[in-house]
Each structure stands twice: as structure tokens, then as C-alpha cells.
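Chemist:
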Amino acid sequence: MQKVIKSLENGTYRKIICGAANTSEQQIERMSLVYSLCGADVIDIAPQREMYEAAKRGISMAAEIVAQNPELFPKFKPSLIMKSINVGDDKHFRKANFNLAQCVQCLDCVKACQSGALTVDDGKKSFNQQKCYGCAMCVESCQHNAVSMVMISDNPFATGDFPEKPDAIELHTGNSSIEKVKAFVELHKNVLNKVGIISISVDTMRFNAAELVDYATALLEMFDRKIIIQADGVSMRGGSRKSSTLPTLSAALVLFNAGIDAYIQLSGGTNHLTQKFVDMTDLKIAGIGFGTFAKKIILNYIEEYSDDEFVSNLQQITAIAGKLFE
Ligand code: SF4
Ligand code: SF4
């Protein structure tokens with residue numbers, strides 16, 4: 058825990074976001090394995106117990122590999138696991154739903170999907186719901202109104218599906234009013250008090266600057282400790298351009314100028330160029346969360362390799378993944 062706090066203080070905090078709706082245990086386990094070897098402070102996952110166990114397996118496997126060959130993966134960190142939790146109507150907690158009667162099998166959605174959830178099987182679209190993390194790229198690509206998004210409702214507070222001593226949680230505020238967030242925090246304060254690290258994800262695109270500052274200020278008042286504010290920009294796009302990072306960076310600038318006393322972490326549109334942008338500013342960013350882009354750059358290995366192939370090619374895979382943290 059203290060090492061993560063130190064990373065936040067130093068501005069070197071790195072979080073890997075597997076997707077709040079991603080329920081593919083294989084993807085979560087392999088992303089956790091690779092990115093803990095690369096030095097991720099935190100692995101952010103969907104709230105269900107099975108996803109927590111998958112992340113733990115990946116991180117434990119990484120620790121075993123490092124114990125045998127410490128010189129091969131010198132950046133390894135035993136990442137903390139962060140559970141993402143939906144406070145309200147947050148777009149990260151949804152999955153695609155296909156209307157087969159409308160579908161003409163044009164396969165445009167397959168080309169748009171960056172998560173391996175849509176593939177071609179025998180000339181037709183095949184959908185793996187577990188790998189879907191709700192980005193809605195398929196909805197945008199479909200000219201036939203054959204796909205829509207549906208919210209999923211797994212809330213570990215409601216189901217009791219929560220680890221004994223949670224490392225970290227992230228509350229996704231989505232479209233929630235500040236009153237709704239406050240009521241949620243109040244209702245679950247006994248659990249939240251036991252959590253090591255609390256992060257609040259704010260969809261900064263829904264606010265103008267003044268509204269964003271008011272919202273963040275009200276969030277700080279709910280906690281008697283320093284929290285992370287994830288200044289979410291254009292999320293779940295996996296953009297590789299310079300411009301992808303600008304919305305989250307602009308939001309961070311607003312929060313810094315207002316003197317918001319939180320660890321400000323970038324997310325949404327983050328990629329291999331984000332740290333370079335940060336370096337051009339004098340902002341004391343606490344760190345960066347990488348989601349779609351982090352998965353995209355190693356997706357072929359995650360999806361196509363057997364367990365043995367994946368482990369025996371870890372040096373090559375971590376060399377690609379690790380560039381994100383440079
Ligand atoms: S883009 Fe729409 S019509 Fe085309 S395969 Fe996908 S769901 Fe079917
Ligand atoms: S494009 Fe996004 S929403 Fe659609 S199936 Fe793929 S991961 Fe799910």
C-alpha cells in the first residue's frame with residue numbers, strides 16, 4: 058500500500074484498467090500477469106469475485122516467475138487490485154446486445170471491436186459477451202440498428218461479494234448527481250473505511266470547468282483522507298493519436314488550477330504519448346490509467362496464445378507492453 062502511495066506522490070502511479078464490464082477471466086489474468094511484470098501499481102477490474110481471483114492468479118504467477126528469474130523482469134511490482142463499482146448510471150458498466158433479426162452479417166462491428174469480443178466464425182459474426190467491456194464502438198459502426206447497449210448491475214456492496222480487506226476500490230460516478238454520490242458513500246461508509254485506496258472516477262466530459270471544480274470539491278468533502286480523482290476524458294476508445302490525451306489533460310489542468318487537493322490521475326484517451334504530454338506541462342499529475350490502449354497493444358497474444366505459449370513469450374510481450382510506462 059505504501060509503495061502505491063509513494064508512486065502517487067512521485068507522479069509515477071500506473072494503473073491498468075481491464076474494464077469495469079470485462080468479465081473475461083483469461084483477459085484479466087493475462088493483463089494482470091503482463092502488467093505487474095511491467096511495474097503497474099494497480100490493476101483495475103470488474104467487481105465480481107471471479108475477476109478478483111483472476112487478477113490475483115495473474116499477479117501471483119508474475120511473482121513466481123520473478124522469484125525464479127529476477128533479472129528478466131526488474132520492474133515487477135505485486136500490483137494492488139482495484140475493484141470498479143458503479144455508483145449510478147455509468148457507461149462503463151454495460152455490454153452490447155445484438156438483435157439478430159436486424160443483423161445482415163456485414164461484419165462492420167467486428168472490425169470496430171478492439172476487445173476480441175467480436176470475431177468471425179464460419180463467415181458470421183460471433184459474440185463473446187464476457188470479453189465485451191461496453192465501449193459501444195459496434196453500435197457506432199452498425200448501419201442496421203442491430204446492436205444496442207444494456208446496463209449490467211453487479212454491485213458487490215449489494216451482493217456482499219467483497220474481499221475481506223479490499224486493497225483499493227474505484228467509485229464510478231457516471232451521470233450521478235453529487236447528492237447521489239454522497240448518499241452512496243454514506244450508505245457504504247463502513248466498507249469504504251476499510252479500503253486501502255479510494256479512487257473516484259469522474260466523467261469530466263459532462264461538465265464545464267466551473268461545474269467540474271464544484272463536483273470535485275464536493276467529492277473531497279465526503280472523505281477524511283486524500284483520494285484519487287480519475288479525470289476521465291474520452292474513455293474506451295483506444296485512441297493512438299496525440300489528441301486522444303488532450304481532454305483528460307485539460308480536465309486535470311482545471312482541477313489543479315482550482316487547487317483540488319487530491320491525487321489527480323489521467324484516464325480516457327491515454328496512450329503511449331500521454332506521459333510525453335505531461336512532461337511538457339508543469340502539472341503534478343499523480344499518474345496515468347491505461348485501459349483500451351493497454352489491452353489493444355497485446356490483444357493478439359492474449360487471444361491467440363495457449364497458456365504455454367503465453368508464458369514462454371512473456372519477455373517479448375512485456376517488451377511491447379512496458380513501452381507504455383516509459
Ligand atoms: S454491423 Fe450490425 S448488421 Fe453488421 S454484422 Fe454487426 S450487428 Fe450485424
Ligand atoms: S465493440 Fe465494444 S461494446 Fe461492442 S462488442 Fe466489442 S467490446 Fe463490446
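Sequential numbering from 58 applies to the sequence shown in my numbering. A virtual CB, placed ideally from N, CA and C, is assigned to each residue, including glycine. Note that this is a predicted model, so its numbers are computed, not measured.
1. Please name the residue, chosen from Ala203, Leu356, Met208, Val335, that lies closest to Val144 on a Cα-to-Cα basis.
2. Would you give the residue range spanned by the alpha helix (DSSP H) that Lys168 belongs to?
3. Using a Cβ-Cβ cut-off of 6 Å (strictly less than) and excluding sequence neighbours within five positions of Ala174, which residues of its own chain qualify?
4. Measuring straight from C-alpha to C-alpha, what distance separates Lys168 and Glu278?
5. How far does the beta strand (DSSP E) with Glu107 in it extend, from its first residue to its last?
6. In terms of alpha-carbon separation, which member of Gly344, Ala308, Met337, Leu306 lies closest to Tyr320?
7. Short of 6 Å in beta carbon distance, which residues of its chain neighbour Ser81, apart from the five on each side in sequence? Order them along the chain.
8. Out of curiosity, what's the CA-to-CA distance linking Ile285 and Lys181?
9. Under the rule that 16 or more other beta-carbon atoms within 10 Å means buried, what is Ala78, buried or exposed?
10. Do Ser93 and Ile116 come within 9 Å of each other at the CB atom, strictly closer than that value?
11. When you get a sec, list the residues whose CB is within less than 6 Å of any heavy atom of ligand 1, chain order please.
12. Got a sec: does ligand 2 put a non-hydrogen atom nearer than 8 Å to the Cβ of Arg175?
13. What ranges does the alpha helix (DSSP H) occupy inside the segment 140 to 192, keeping only unbroken runs of at least 4 residues that lie completely in it?
14. Would you call the CB atoms of Ser324 and Gly295 closer than 9 Å?
15. For Cys25, which of Leu276, Ser141, Cys160 has the nearest alpha-carbon?
16. Taking the alpha-carbon positions, what's the Ile257 to Met58 distance?
17. For Ser89, count neighbouring Cβ atoms within 10 angstroms of its own Cβ and tell me buried if that reaches 16, exposed if not.
18. Looking at C-alpha atoms only, which residue of Asp179, Phe133, His229, Val311 is the closest neighbour of Ile102?
19. Which residue's Cα is closest to the Cα of Arg114: Ile138, Phe130, Pro104?
20. Compute the beta-carbon to beta-carbon distance between Ser233 and Asp146, rounded to the nearest angstrom, for a pair I have assumed lies under 8 Å.
21. Indicate, with yes or no, if ligand 2 has a heavy atom lying under 8 Å from the CB of Phe184.
22. Would you report the Cα separation of Ser369 and Phe264, rounded to the nearest angstrom?
23. Using the Cα positions of Ile317 and Pro131, report the straight-line distance between them to the nearest angstrom.
Modeler: Taking the definition as stated:
1. That would be Met208, whose Cα lies nearest to the Cα of Val144.
2. Note, Lys168: alpha helix (DSSP H), 165 to 169.
3. Once the five neighbours on either side are set aside, the close Cβ partners of Ala174 are Asn185, Lys188, Cys189.
4. Looking at the backbone, the Cα of Lys168 and that of Glu278 are separated by about 44 Å.
5. It is not in any beta strand (DSSP E) - Glu107 instead sits in the alpha helix (DSSP H) that spans 106 to 125.
6. Distances from the alpha-carbon of Tyr320 to those of Gly344, Ala308, Met337, Leu306 put Gly344 closest.
7. The beta carbon of Ser81 sits closer than 6 Å to those of Gln187, Lys188, all from its chain and outside the five residues before and after it, given in chain order.
8. Put simply, the backbone Cα of Ile285 is about 43 Å away from that of Lys181.
9. Taking all protein chains shown into account, Ala78 has 16 or more neighbouring C-beta atoms within 10 Å of its C-beta and is therefore buried.
10. Yes. Within cutoff.
11. A distance filter of 6 Å between CB atoms and the heavy atoms of ligand 1 selects the following residues in sequence order: Phe155, Cys160, Val161, Gln162, Cys163, Leu164, Asp165, Cys166, Lys182, Ser198, Cys199, His201, Ala203, Val204.
12. First, the amino acid is wrong: residue 175 is Leu here, not Arg. Relative to ligand 2, Leu175 has its C-beta within less than 8 Å of a heavy atom.
13. Segments of the alpha helix (DSSP H) lying fully in the segment 140 to 192: 165 to 169.
14. For Ser324 and Gly295, no; Cβs fall outside 9 Å.
15. Any question about residue 25 goes unanswered here, given that the chain covers just 58 to 383.
16. Ile257 and Met58: Cα-Cα distance of roughly 17 Å.
17. Within 10 angstroms of the beta-carbon of Ser89 lie 16 or more other beta-carbons, which makes it buried.
18. Selected option, being the one with the closest Cα: His229.
19. Checking every option, the nearest Cα to that of Arg114 belongs to Ile138.
20. Indeed they touch by this definition, with Cβ atoms about 7 Å apart.
21. With a cutoff of 8 Å, Phe184 counts as near ligand 2, since its C-beta is closer than that to a heavy atom of the ligand.
22. A direct Cα-Cα distance of roughly 47 Å separates Ser369 from Phe264.
23. Cα to Cα, the separation comes out at about 35 Å.
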